[in-house]
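Asker:
2 protein chains.
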Amino acid sequence: MILLDGKKVSNDIKDEITEQVKKMKAKGEKVPHLAAIIVGNDGASLTYVASKVKACERVGFDSTMIRMPNTTSEIELLDKIEELNENPDIDGFIIQLPLPKQINTQQVLLAVNPDKDVDGFHPMNFGRMALDMSTFIPATPFGILELLDRYGVDTQGKHTVVIGRSHIVGRPMSILMGRKGFPGNSTVTLTHSHTKNITQITSQADIIISALGVPNFLKAEMVKDDVVIIDVGITRVTDESSEKGYYITGDVDFENVSKKASYITPVPGGVGPMTIAMLLKNTLLARERQMIQ
Amino acid sequence: MILLDGKKVSNDIKDEITEQVKKMKAKGEKVPHLAAIIVGNDGASLTYVASKVKACERVGFDSTMIRMPNTTSEIELLDKIEELNENPDIDGFIIQLPLPKQINTQQVLLAVNPDKDVDGFHPMNFGRMALDMSTFIPATPFGILELLDRYGVDTQGKHTVVIGRSHIVGRPMSILMGRKGFPGNSTVTLTHSHTKNITQITSQADIIISALGVPNFLKAEMVKDDVVIIDVGITRVTDESSEKGYYITGDVDFENVSKKASYITPVPGGVGPMTIAMLLKNTLLARERQMIQ
Chain A
0 MILLDGKKVS NDIKDEITEQ VKKMKAKGEK VPHLAAIIVG NDGASLTYVA
50 SKVKACERVG FDSTMIRMPN TTSEIELLDK IEELNENPDI DGFIIQLPLP
100 KQINTQQVLL AVNPDKDVDG FHPMNFGRMA LDMSTFIPAT PFGILELLDR
150 YGVDTQGKHT VVIGRSHIVG RPMSILMGRK GFPGNSTVTL THSHTKNITQ
200 ITSQADIIIS ALGVPNFLKA EMVKDDVVII DVGITRVTDE SSEKGYYITG
250 DVDFENVSKK ASYITPVPGG VGPMTIAMLL KNTLLARERQ MIQ
Chain B
0 MILLDGKKVS NDIKDEITEQ VKKMKAKGEK VPHLAAIIVG NDGASLTYVA
50 SKVKACERVG FDSTMIRMPN TTSEIELLDK IEELNENPDI DGFIIQLPLP
100 KQINTQQVLL AVNPDKDVDG FHPMNFGRMA LDMSTFIPAT PFGILELLDR
150 YGVDTQGKHT VVIGRSHIVG RPMSILMGRK GFPGNSTVTL THSHTKNITQ
200 ITSQADIIIS ALGVPNFLKA EMVKDDVVII DVGITRVTDE SSEKGYYITG
250 DVDFENVSKK ASYITPVPGG VGPMTIAMLL KNTLLARERQ MIQ
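One line per chain: the protein sequences are A and B, in this order. For the first sequence, numbering that gives the first Met the number 0 assigns the number 0 to the initial residue and increments by one for each residue that follows. For the second sequence, numbering that gives the first Met the number 0 assigns the number 0 to the initial residue and increments by one for each residue that follows.
In structure tokens:
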């Protein structure tokens, strides 16, 4: 069994980006600049955004964190987005979700200039992805592709089963694994809450990508020998014996499934760290695209 | 076995659209107007466009067929598209494919105003579809959904296998069948040229949508009893004994598969006629959206 070490690979990617930023600076070029808008005071959201800002510092990007109050109106947020769309110094920006109830998330995501949409959530970019055109791939799916690529996991002609059809992971992953090229060319089955006989399906899979958010969902008896396991689930489970008061777990019964798997991502330290690395990668791409124009 | 009679259903849809157009006229409103650009003299393309124009006449739409020579440059075509984008009298338009070699098809499709893209080929509309937003669904997939809907074929929790990953049929169909709602909520497997053990996969399917273009590909021993068969294949097979010199056949060995199927589309007369009906439907939607604005 080989551990797909997202922590290590994400650090490699950050090192590579750091090198590229150094070269940009040496040439006197503007470095990539990522902005993040956060509305309200949700603790988890603040933590996520802070770690994104920290990652920018780590690789030498400029970053701007824009905090708006919980009472922000949709118009006020749209105005802020328009400002970032038009600011030539900002190469890419994200809006941390979830948003307060008074704001229509879909309208907000549609307002982002697709050329600065480094989260890849705009339908224009999502459609470009589904039609095999160059685009910003959403960070988590992009990170999974990168992990498979760097470990040379064979995907062509393999049967990939994706569990969960979210817009952020399951749906894009099901599209990407079935595209031409590598990693891709898989036969892909997308399963979800209406799927019957899930065990019958997972037990045929060469590769399983689980993005369900249900701890210990995928058990050893549901998979075949030598399966490749990508565990995207991140659930906080209350644990009073731990210092933080909780621990993080994935969708997979790691202890038992790892004994049958050929490759498997740990949680934490698998897909999670890749997500921020690929957000940085998208921001670098956004900067480079601007330089080509 | 119940025949999914696309000829009948498409005529029903055309009748319904005709009624709506009559009401528009009675209110003194402008009727929907579809334009079609055709570049060059390809016989099949001319036939397709002519049948689209004829369908417009049948339901009372205005239509405009724009013929451009085979030597048309990309710039000339883009200029024509811009003209249609800006012409308030045109509600929707299509560019008949394939285009001559000197023209980049991707650039051309990107130039169409998404609000007039009644073929649903623009990445903006494709992305909206993949993200469960309102959009123009490409006509052939839209037609298949409509057939399943009108015959009340149960799709929820069923295992749908799509054969072929084209941008026009297979890929969008795989996305649509897995979306929330009806027809949808299927567990979907998308297969293609790299798929191994295709028989193992098709023999587990409750619903098979074949868009391969290989006559007699799907045989009785590859499917289970009571399977639902949607045959999107349209291949001309040379036949000197027939008046036309060819006959039209699908991907499915209809004679034998139909004995096991619960529902099946014939070829011709199944999915084919639905495509034009749904193009009309999209044009009507384009007209109505313009009226809302």
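Here a beta-carbon is modelled for each residue, glycine too, at the ideal position from N, C-alpha and C.
Give the DSSP bridge partners of Leu2 of chain B, in chain order.
Answerer: Indexing the second sequence from 1 puts residue 2 of chain B at position 3. Its beta-bridge partners are B:Ile263.
Asker: Would you say Gly177 of chain B reaches chain A, if we count a Cβ-Cβ gap shorter than 8 angstroms as a contact?
Answerer: As a working mapping, residue 177 of chain B is identified with position 178 in the second sequence. Chain A, which has a Cβ nearer than 8 angstroms to the Cβ of Gly177 of chain B, makes this yes.
Asker: Please confirm if Arg288 of chain B has its CB atom under 8 angstroms from at least one CB of chain A.
Answerer: On the second sequence, position 289 is the one that residue 288 of chain B refers to. No, no contact with chain A.
Asker: For Asn69 of chain B and Asp131 of chain A, I'd like the C-alpha separation in whole angstroms.
Answerer: For the purposes of this step, residue 69 of chain B is taken as the residue at position 70 of the second sequence. For the purposes of this step, residue 131 of chain A is taken as the residue at position 132 of the first sequence. Going by the C-alpha atoms only, they are around 27 angstroms apart.
Asker: What residue range is occupied by the uninterrupted alpha helix (DSSP H) comprising Phe295 of chain B?
Answerer: Residue 295 of chain B cannot be examined here, being either before or after the span of chain B that is shown, 0 to 292.
Asker: Tell me the DSSP bridge mates of Val160 of chain B?
Answerer: In the second sequence, counting from the first residue as 1, residue 160 of chain B sits at position 161. DSSP, once it has assigned bridges, lists B:Thr188 and B:Ile207 as partnering Val160 of chain B.
Asker: Check whether the Cβ of Asn200 of chain B lies closer than 8 angstroms to any Cβ atom in chain A.
Answerer: For the purposes of this step, residue 200 of chain B is taken as the residue at position 201 of the second sequence. The sequence shown places Ile at residue 200 of chain B, not Asn. It does: the Cβ of Ile200 of chain B has a partner Cβ on chain A nearer than 8 angstroms.
Asker: Which bits of chain A does Arg164 of chain B rub up against, with CB to CB less than 9 angstroms?
Answerer: What you label residue 164 of chain B is simply residue 165 of the second sequence in a count that begins at 1. The contacting residues are Gly177, Arg178 and Lys179.
Asker: Quick check on the burial criterion: 16 or more other C-beta atoms within 10 angstroms. Buried or exposed for Gly42 of chain A?
Answerer: Counted from its first residue, the first sequence places residue 42 of chain A at position 43. Exposed, by the Cβ-count rule.
Asker: Of all the options B:Leu77, B:Leu146, B:Arg178 and B:Glu145, which has the alpha carbon lying nearest to the alpha carbon of Thr104 of chain B?
Answerer: The sequence position of residue 104 of chain B within the second sequence is 105, counting from 1. Ranking B:Leu77, B:Leu146, B:Arg178 and B:Glu145 by Cα distance to Thr104 of chain B puts B:Leu77 first.
Asker: Given a cut-off of 8 angstroms on the beta-carbon distance, is the pair Gly268 of chain A and Asp4 of chain A in contact?
Answerer: Sequence index remark: in the first sequence, residue 268 of chain A carries index 269 (1-based). Sequence index remark: in the first sequence, residue 4 of chain A carries index 5 (1-based). Yes. Within cutoff.
Asker: Taking all protein chains shown into account, decide if Met128 of chain B is buried (16 or more other Cβ within 10 angstroms of its Cβ) or exposed.
Answerer: On the second sequence, position 129 is the one that residue 128 of chain B refers to. The residue is buried, with at least 16 neighbouring Cβ atoms inside 10 Å.
Asker: First and last residue of the beta strand (DSSP E) that includes Val227 of chain B?
Answerer: Here residue 227 of chain B refers to the residue found at position 228 of the second sequence. Start and end: Val227 to Asp230.
Asker: Figure out for me which residue from A:Met123, A:Asn40 and A:Ile74 has the closest Cα to the Cα of Pro97 of chain A.
Answerer: Stepping through the first sequence from its first residue, residue 97 of chain A is reached at position 98. Closest by alpha carbon: A:Asn40.
Asker: Using CA coordinates, which residue listed in A:Lys51, A:Ser241, A:Val187 and A:Ala110 is at the minimum distance from Ile208 of chain A?
Answerer: Position 209 of the first sequence holds residue 208 of chain A. If we check each option's Cα against that of Ile208 of chain A, A:Val187 comes out closest.
Asker: Helix, strand or coil: which one does DSSP assign to Phe92 of chain B?
Answerer: Position 93 of the second sequence, counted from the first residue, corresponds to residue 92 of chain B. Strand at Phe92 of chain B.
Asker: Starting from His32 of chain A, follow its DSSP beta bridges and name the residues at the other end.
Answerer: In the first sequence, counting from the first residue as 1, residue 32 of chain A sits at position 33. A:Asp61, per the DSSP bridge assignment.
Asker: Quick check on the DSSP output: the alpha helix (DSSP H) that includes Thr104 of chain B runs from which residue to which?
Answerer: Counted from its first residue, the second sequence places residue 104 of chain B at position 105. Here the alpha helix (DSSP H) through Thr104 of chain B covers Thr104 to Ala110.
Asker: Could you check the C-alpha separation between Lys13 of chain B and Pro214 of chain B for me, to the nearest Å?
Answerer: One-based indexing of the second sequence puts residue 13 of chain B at position 14. One-based indexing of the second sequence puts residue 214 of chain B at position 215. Distance between the alpha carbons of Lys13 of chain B and Pro214 of chain B: 30 angstroms.
Asker: Report yes if the C-beta distance between Lys53 of chain A and Gly91 of chain A is below 8 angstroms; otherwise report no.
Answerer: As a first step, residue 53 of chain A must be located in the first sequence, where it is residue number 54. As a first step, residue 91 of chain A must be located in the first sequence, where it is residue number 92. No. Outside cutoff.
Asker: On a Cα-Cα basis, can you pick out the residue from B:Gly156, B:Val270, B:Arg164 and B:Asp225 that is closest to Ile233 of chain B?
Answerer: In the second sequence, the residue the question calls residue 233 of chain B occupies position 234. Here the closest residue by C-alpha is B:Val270.
Asker: Below 8 angstroms between beta carbons: does that hold for Gly163 of chain B and Ala210 of chain B?
Answerer: Working through the second sequence from its first residue, we reach residue 163 of chain B at position 164. Working through the second sequence from its first residue, we reach residue 210 of chain B at position 211. Closer than 8 angstroms, so yes.
Asker: Which residues of chain B have a Cβ atom closer than 9 angstroms to the Cβ of Phe125 of chain A, listed in chain order?
Answerer: The residue you call residue 125 of chain A lines up with position 126 of the first sequence. Ordered by position in chain B, the residues that pass the 9 angstroms Cβ test against Phe125 of chain A are Pro122, Phe125, Gly126, Arg127, Ala129 and Leu130.
Asker: Asn184 of chain A CB to nearest chain B CB: under 8 angstroms?
Answerer: Stepping through the first sequence from its first residue, residue 184 of chain A is reached at position 185. Chain B contact via Cβ: present.
Asker: With a threshold of 8 angstroms on Cβ separation, who are the neighbours of Gln95 of chain A within its own chain once the five nearest residues in sequence on each side are excluded?
Answerer: For the purposes of this step, residue 95 of chain A is taken as residue 96 along the first sequence, with counting starting at 1. Hits under 8 angstroms: Ala35, Ile36, Ile37, Val38, Ser44, Tyr47 and Val48.
Asker: Within the 8 angstroms Cβ cut-off, does Thr194 of chain A reach chain B?
Answerer: For the purposes of this step, residue 194 of chain A is identified with residue 195 of the first sequence, where counting begins at 1. Interface residue, yes.
Asker: Cβ atoms of Leu2 of chain A and Ile263 of chain A: under 8 angstroms apart, would you say?
Answerer: Here residue 263 of chain A refers to the residue found at position 264 when the first sequence is read from its first residue. Here residue 2 of chain A refers to the residue found at position 3 when the first sequence is read from its first residue. Yes.
Asker: Could you tell me the distance, in whole angstroms, from the CA atom of Gly169 of chain B to the CA atom of Gly126 of chain B?
Answerer: For the purposes of this step, residue 169 of chain B is taken as residue 170 along the second sequence, with counting starting at 1. For the purposes of this step, residue 126 of chain B is taken as residue 127 along the second sequence, with counting starting at 1. Those two C-alpha atoms are separated by around 15 angstroms.
Asker: Any idea what DSSP makes of Val270 of chain A, helix, strand or coil?
Answerer: Counting from 1 along the first sequence, the entry for residue 270 of chain A is found at position 271. Val270 of chain A: helix per DSSP, three-state reduction.
Asker: Identify the contact partners of Val251 of chain B in chain A, using a Cβ-Cβ distance below 8 angstroms as the criterion.
Answerer: Here residue 251 of chain B refers to the residue found at position 252 of the second sequence. What Val251 of chain B touches in chain A: nothing, since even the nearest Cβ is about 20 angstroms away.
Asker: How should Ser72 of chain B be labelled, buried or exposed, when 16 other C-beta atoms within 10 angstroms of its C-beta is the threshold for buried?
Answerer: Counting from one through the second sequence, the residue named residue 72 of chain B turns up at place 73. Exposed is the call here.
Asker: What separation, rounded to the nearest whole angstrom, lies between the Cα atoms of Asn124 of chain B and Ala260 of chain A?
Answerer: The residue you call residue 124 of chain B lines up with position 125 of the second sequence. The residue you call residue 260 of chain A lines up with position 261 of the first sequence. Going from the Cα of Asn124 of chain B to the Cα of Ala260 of chain A covers about 39 angstroms.
Asker: Work out the CA separation of Asp153 of chain B and Ile197 of chain B for me, nearest whole Å.
Answerer: On the second sequence, position 198 is the one that residue 197 of chain B refers to. On the second sequence, position 154 is the one that residue 153 of chain B refers to. Going from the Cα of Ile197 of chain B to the Cα of Asp153 of chain B covers about 24 angstroms.
Asker: Along the beta strand (DSSP E) that carries Ile197 of chain A, what are the first and last residues, could you check?
Answerer: Within the first sequence, the letter at position 198 stands for residue 197 of chain A. Where Ile197 of chain A is concerned, there is no enclosing beta strand (DSSP E), although the alpha helix (DSSP H) it sits in stretches over Ile197 to Thr201.
Asker: In this structure, what does DSSP give as the bridge partners for Thr237 of chain A?
Answerer: Indexing the first sequence from 1 puts residue 237 of chain A at position 238. A:Tyr245, per the DSSP bridge assignment.
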